[in-house]
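Using the UniProt record's numbering, read the sequence shown as starting at 1 and increasing by one per residue. Here a beta-carbon is modelled for each residue, glycine too, at the ideal position from N, C-alpha and C. Reading through the structure tokens given below for one structure.
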Amino acid sequence: MYRARLKRDLDRWVANGLVNERDAQAMLADYDAQASSFSVGSVLLVLSAVLLSASILLVIAANWQAIPRLMKVSVVIALIWGFHCGGAILIALGRKALGQGLLVLGAASFGGGMALVGQLYHLSGDELDLFYVWLTAAVLSCIFFRSGVMLGFVAALCMVTVAVGFDRYNFDWTMQTVLLPPALSCVIILLSFWAGNLRVRHVAGVLLLAWLVWLYAHTTDVRIAIAFVAGGFGVFAALALTKFYEWHLARLLATYALALSAIGLALVNIEYSTGLSLAFVSIVSLVISVAALVMKGRDDGMVRAMAYMIFAGETLYLSFQTIDSLLDTSSFFLISGLLVALLAFGVSRLEKLLSQNRGLKKESADAS
């Protein structure tokens with residue numbers, strides 16, 4: 001968590017005399033005052049909103065036959081408008097957390113109300129169409145209220161809609177299964193700019209990764225897996241070596257591109273599990289993991305974890321595949337260990353030289 005890391009850094013700077021205690025407390029208070037900072041109360045309010053909406057709809061459904069028809073429709077409409085109007089009033093009064101919780105209640109009531117009213121009047125229709133209408137209403141609510149919490153609800157609804165769509169068409173190749181995941185991912189990313197919820201972009205990344213894996217599973221062509229490896233690492237390197245990496249969306253794209261490369265390596269390993277092909281794939285995995293560490297391993301924890309995962313996964317897979325020829329396995333480990341040791345020595349020397357150059361430049365700038 002960034003706040004914990006920031007507090008540790010501030011405590012260390014105070015101990016070293018770089019900043020005083022008053023400035024450190026002011027910086028920490030400024031971070032806590034930001035709207036994007038983590039709040040346990042906000043999370044609990046959203047969870048309570050989801051639970052309350054589920055309980056209300058279950059109570060209505062349990063007593064559905066005993067309630068007169070006109071009252072049924074009136075209760076559903078009252079819940080939808082009541083929660084949205086209450087949320088709007090609370091947001092206007094500055095109670096954003098509680099107001100956004102009511103918005104989630106209203107959006108959940110809208111979807112549940114559609115299902116209950118459809119059952120009441122025996123309306124025929126596709127389940128996927130219901131989710132399309134529900135998702136559209138949630139998106140409009142997110143846009144109108146500019147709510148980051150509602151965007152989280154929209155992202156969750158996007159994942160459910162994709163799952164319903166794939167189940168509806170039995171994971172076959174149709175226009176909905178081909179276009180729905182990337183389209184909803186674009187919706188999430190665009191709304192993140194408006195609502196200011198950057199963390200929800202990870203949902204878009206997961207949707208795209210799952211969609212690409214489905215494309216491979218539909219064809220089982222190893223060339224697609226190789227394209228995942230080459231294209232994923234190519235996008236990561238292109239972004240990591242430019243100033244675009246400073247942008248949040250570019251960092252996210254680079255991270256998930258590296259994840260796509262890791263998925264591609266796993267798929268290629270399944271296809272080429274013996275002989276020289278396995279050795280070549282293992283070397284490529286080692287090169288990708290080390291290159292990712294050299295490029296952004298120091299600055300980006302997610303990239304560092306991804307590189308470690310690629311290296312450790314390939315090592316474990318290789319040991320299981322070549323368990324009958326321990327000499328070959330030990331030779332690969334020996335060569336890999338020597339290469340990594342030499343690279344570590346070179347990188348450490350390069351980092352020291354860069355640090356010395358930065359120090360000399362700073363001293364010359366201070367002197368001038």
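Under 8 Å between C-beta atoms of residue i and residue j
{"i": "Ala-26", "j": "Val-14", "result": "no"}
{"i": "Gln-100", "j": "Gly-87", "result": "yes"}
{"i": "His-248", "j": "Leu-208", "result": "no"}
{"i": "Val-303", "j": "Leu-258", "result": "yes"}
{"i": "Ser-273", "j": "Phe-311", "result": "no"}
{"i": "Val-222", "j": "Gly-152", "result": "no"}
{"i": "Val-268", "j": "Ile-226", "result": "yes"}
{"i": "Ala-292", "j": "Phe-228", "result": "no"}
{"i": "Ile-67", "j": "Gly-106", "result": "no"}
{"i": "Gly-125", "j": "Gly-118", "result": "yes"}
{"i": "Gly-165", "j": "Leu-128", "result": "yes"}
{"i": "Ala-210", "j": "Pro-181", "result": "yes"}
{"i": "Gly-196", "j": "Gly-148", "result": "yes"}
{"i": "Ser-185", "j": "Ala-204", "result": "yes"}
{"i": "Phe-83", "j": "Leu-102", "result": "yes"}
{"i": "Val-154", "j": "Leu-191", "result": "yes"}
{"i": "Glu-314", "j": "Leu-276", "result": "no"}
Among the options, nearest to residue i - alpha-carbon criterion
{"i": "Val-206", "options": "Gly-231, Ala-163 and Leu-239", "result": "Ala-163"}
{"i": "Lys-296", "options": "Ile-270, Leu-265 and Ala-254", "result": "Ala-254"}
{"i": "Tyr-216", "options": "Phe-171, Gly-234 and Ala-108", "result": "Phe-171"}
{"i": "Leu-260", "options": "Val-104, Arg-69 and Ser-289", "result": "Ser-289"}
{"i": "Ala-279", "options": "Tyr-317, Met-159 and Leu-93", "result": "Tyr-317"}
{"i": "Leu-51", "options": "Ala-266, Ala-108, Asn-16 and Lys-96", "result": "Ala-108"}
{"i": "Ala-137", "options": "Leu-120, His-122 and Val-104", "result": "Val-104"}
{"i": "Ser-141", "options": "Ala-204, Asp-167, Trp-194 and His-218", "result": "Trp-194"}
{"i": "Val-287", "options": "Glu-271, Gly-275, Tyr-308 and Leu-276", "result": "Tyr-308"}
{"i": "Ile-188", "options": "Trp-134, Phe-233 and Val-139", "result": "Val-139"}
{"i": "His-218", "options": "His-122, Trp-173, Ile-89 and Tyr-245", "result": "Trp-173"}
{"i": "Val-133", "options": "Phe-345, Cys-158, His-122 and Gly-17", "result": "Cys-158"}
{"i": "Asp-299", "options": "Leu-18, Ile-91, Tyr-245 and Val-76", "result": "Tyr-245"}
{"i": "Asp-30", "options": "Ser-74, Leu-6, Arg-146 and Leu-338", "result": "Leu-6"}
{"i": "Leu-116", "options": "Ser-74, Phe-145 and Arg-146", "result": "Ser-74"}
{"i": "Met-71", "options": "Gly-301, Leu-102, Ser-55 and Leu-120", "result": "Leu-120"}
{"i": "Leu-47", "options": "Asp-9, Leu-98 and His-202", "result": "Leu-98"}
{"i": "Trp-214", "options": "Lys-243, Ala-230 and Ile-263", "result": "Ile-263"}
{"i": "His-122", "options": "Arg-69, Leu-179 and Val-281", "result": "Arg-69"}
{"i": "Arg-251", "options": "Asp-167, Val-294 and Gly-301", "result": "Gly-301"}
{"i": "Phe-145", "options": "Ala-305, Phe-233, Lys-96 and Asp-11", "result": "Lys-96"}
{"i": "Ile-283", "options": "Gly-231, Gly-337, Leu-241 and Gly-232", "result": "Gly-337"}
DSSP state of residue i mapped onto helix, strand, coil
{"i": "Trp-247", "result": "coil"}
{"i": "Leu-18", "result": "coil"}
{"i": "Val-281", "result": "helix"}
{"i": "Thr-255", "result": "helix"}
{"i": "Leu-260", "result": "helix"}
{"i": "His-84", "result": "helix"}
{"i": "Ile-67", "result": "coil"}
{"i": "Gln-308", "result": "According to the sequence displayed, residue 308 carries Tyr and not Gln. Reduced to three states, the DSSP call for Tyr-308 is helix."}
{"i": "Phe-38", "result": "In this prediction, Phe-38 scores a pLDDT of 46, lower than 50, which makes its location untrustworthy; no coordinate-derived value is stated."}
{"i": "Trp-13", "result": "helix"}
{"i": "Asp-30", "result": "helix"}
{"i": "Thr-219", "result": "helix"}
{"i": "His-122", "result": "coil"}
{"i": "Asp-299", "result": "coil"}
{"i": "Gly-275", "result": "helix"}
{"i": "residue 396", "result": "Here the chain comprises residues numbered 1 to 368, so residue 396 is not present and cannot be evaluated."}
{"i": "Leu-241", "result": "coil"}
{"i": "Arg-5", "result": "helix"}
{"i": "Leu-93", "result": "coil"}
CB contact check: residue i to chain B, cutoff 8 Å
{"i": "Leu-140", "result": "Any reference to chain B falls outside this structure, which holds one protein chain only."}
>> List, from N- to C-terminal side, the beta strand (DSSP E) runs of 3 residues or more that fit wholly inside the region 133 to 206.
In response: Runs found: none.
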